[in-house]
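The numbering used here puts the first residue of the sequence shown at 2, with every later residue one more than the last.
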Amino acid sequence: MTTLEILLVVFVGFAGGLAVGTGFVAFLVVLGVIPRLTQLTKTMKRIHAYEWGAVAGAIVGGWMSLRHSVWHLSKYWMAPIGLFHGVFIGMLAAALTEVLNVWPILAKRIGVDDKIVILLMAIAFGKVAGSLFHWLYFVDHFR
């Protein structure tokens with residue numbers, strides 16, 4: 002690669018990192034996802050742990066994506082790691098939908114405001130069933 006190509010790759014990577022970083026910060030700060038998540042889980046005393054966890058996760062995730070790291074872990078470690086990832090994504094998505102009031106608006110629009118708990122449980126069980134199908138059948142099927 003020439004020096005110009007290297008500088009172009011550095012510039013595009015830096016610009017992409019800035020775009021993703023500002024989107025992440027806007028998501029967390031403007032929408033108030035972390036404070037709302039602490040309110041939902043009744044853990045307001047640990048808000049700094051949530052914030053530092055988000056910062057550390059972004060830094061470690063960015064660093065790991067730049068390296069081609071391969072961890073040779075046994076399959077028994079994958080279940081707890083996957084569980085932690087799923088809990089994190091689920092809680093973040095739940096906090097986001099709670100902040101934006103998506104479910105009450107959706108339930109009112111489709112006319113099932115009195116059955117919102119059933120709607121939420123159907124979505125949760127559907128996600129669990131889809132994830133289990135993906136990881137137990139689809140991923141192992143193509144190895």
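All C-beta atoms in this analysis are idealised placements derived from N, C-alpha and C, irrespective of residue type, glycine included.
- prompt: Where are the alpha helix (DSSP H) runs, 4 residues long or more, that stay fully inside the stretch 48-111, in chain order?
  reply: 48-67, 76-101 and 103-111
- prompt: Which class does L32 belong to by DSSP, given the choice of helix, strand or coil?
  reply: coil
query: Should the stretch 76-85 be regarded as contacting the stretch 112-121, the criterion being three or more beta carbon pairs within less than 8 Å?
result: no
message: Once DSSP output is grouped into helix, strand and coil, what is the label at V13?
response: helix
task: Assuming I35 and L29 form a contact by the criterion Cβ under 8 Å, report the distance between their Cβ atoms to the nearest whole angstrom.
output: 6 Å
query: From V88 to F15, what does the alpha carbon distance come to, in whole angstroms?
result: 30 Å
field: Of the residues V21, G91, M45 and A95, the one placed nearest G63, counting alpha carbons only
entry: V21
query: In whole angstroms, what separates the C-alpha of V61 from that of T23?
result: 17 Å
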